[in-house]
Amino acid sequence: MGLTFIAIKPDGVHRGLVGEIIARFEKRGLKLCALKVVVPEKAIAEKHYEEHAGKPFYPGLVDYLCSGPIVAMVWSGKDVVAVTRKMIGATKPAQSEPGTIRGDLALDMGRNVIHGSDSDDSAQREIKLWFKEEEVCSKYVKADRMWVYEVTDEHTH
Ligand code: GTP
Ligand code: MG
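Read in order, the letters of the sequence shown correspond to residues 1 to 157 in full-length UniProt numbering.
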């Protein structure tokens, strides 16, 4: 069952891009399983980006994530990690294709609006870091499922 962790970063919240970004995932057919607005604690932000610990941009990255509220979400769907990473676009906005979230809405790598898990393992780790188990509603069946998926059974989304 595919789940991913997505966060609209503080610049996305301050710039009023929350609705636009959520609408893109909804229109794609993905299922919203969890959502909350939270100002990240430093320890959680450090853990979230621990793969980058020691790199020169790490302290600034952690401060950026903690600089205001983020919208933390869990989305589900077929190939959700690959699909959402593609929708988000390349890390450097100059290399993000038009049509992607960063390619349409960002200019600076240090203010690139949104985070998405880069693998199923990262998604599991990040969902656990940001949400309690009971906050994630992944079991419900979306009403449009038979129109989004060719084949549906109890194991699909
Ligand atoms: P996330 O979805 O936020 O994890 O971005 P990503 O997976 O596209 O990129 P990555 O995990 O490699 O880097 C995490 C974040 O660190 C990026 O989104 C950037 O905001 C920032 N970052 C990465 N590399 C650099 C860098 O070389 N310089 C600076 N200033 N920031 C960087
Ligand atoms: Mg990353």
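Note that the Cβ used here is the ideal one computed from N, Cα and C, for glycine as well. Since the model is a prediction, treat every value here as computed from it, not as a measurement.
What I want to know is whether the C-beta of residue i ends up closer than 6 Å to one or more non-hydrogen atoms of ligand 2.
i	result
residue 63	no
residue 79	no
Which first and last residues belong to the beta strand (DSSP E) in which residue i is found?
i	result
residue 82	Counting along the chain, residue 82 falls outside any beta strand (DSSP E), though it belongs to the alpha helix (DSSP H) covering 80-88.
residue 34	31-38
Under 8 Å by Cβ, that's how I've got residue i and residue j pegged, so tell me the actual separation to the nearest angstrom.
i	j	result
residue 114	residue 9	6 Å
residue 60	residue 110	7 Å
residue 129	residue 52	With a Cβ gap of about 15 Å, residue 129 and residue 52 do not count as contacting.
residue 78	residue 140	Rounded, the Cβ-Cβ distance is 16 Å, inconsistent with contact.
residue 106	residue 93	4 Å
For residue i, which residues of its own chain have a beta-carbon under 6 Å away from its beta-carbon, when the five flanking residues on both sides are left out?
i	result
residue 66	40, 42, 45
residue 131	34
residue 96	89, 90, 102, 103
Grab me the residues of residue i's own chain with a C-beta within less than 7 Å of its C-beta, minus the 5 sequence neighbours each way, in chain order.
i	result
residue 88	100, 101, 102, 114, 116
residue 70	7, 8, 9, 10, 13, 38, 40
residue 123	3, 4, 5, 81, 117
So the alpha helix (DSSP H) residue i belongs to, where does it begin and stop?
i	result
residue 122	120-130
residue 158	No answer is possible for residue 158: the residues shown for the chain start at 1 and end at 157.
residue 74	Residue 74 -> not in any alpha helix (DSSP H); beta strand (DSSP E) instead, spanning 70-76.
residue 116	No alpha helix (DSSP H) holds residue 116; the beta strand (DSSP E) holding it covers 114-116.
residue 107	That residue, residue 107, is in no alpha helix (DSSP H); it is neither H nor E in DSSP.
residue 18	18-28
residue 46	42-48
Could you check whether the Cβ of residue i sits closer than 6 Å to any heavy atom belonging to ligand 1?
i	result
residue 116	yes
residue 84	no
residue 103	no
residue 16	no
Skipping 5 residues on each side, what residues in its chain have a beta carbon closer than 8 Å to that of residue i?
i	result
residue 119	81
residue 75	3, 4, 6, 25, 30, 31, 32, 33, 84
residue 58	49, 52
Give the secondary structure of residue i by DSSP, where H, G and I count as helix, E and B as strand, and everything else as coil.
i	result
residue 5	strand
residue 59	helix
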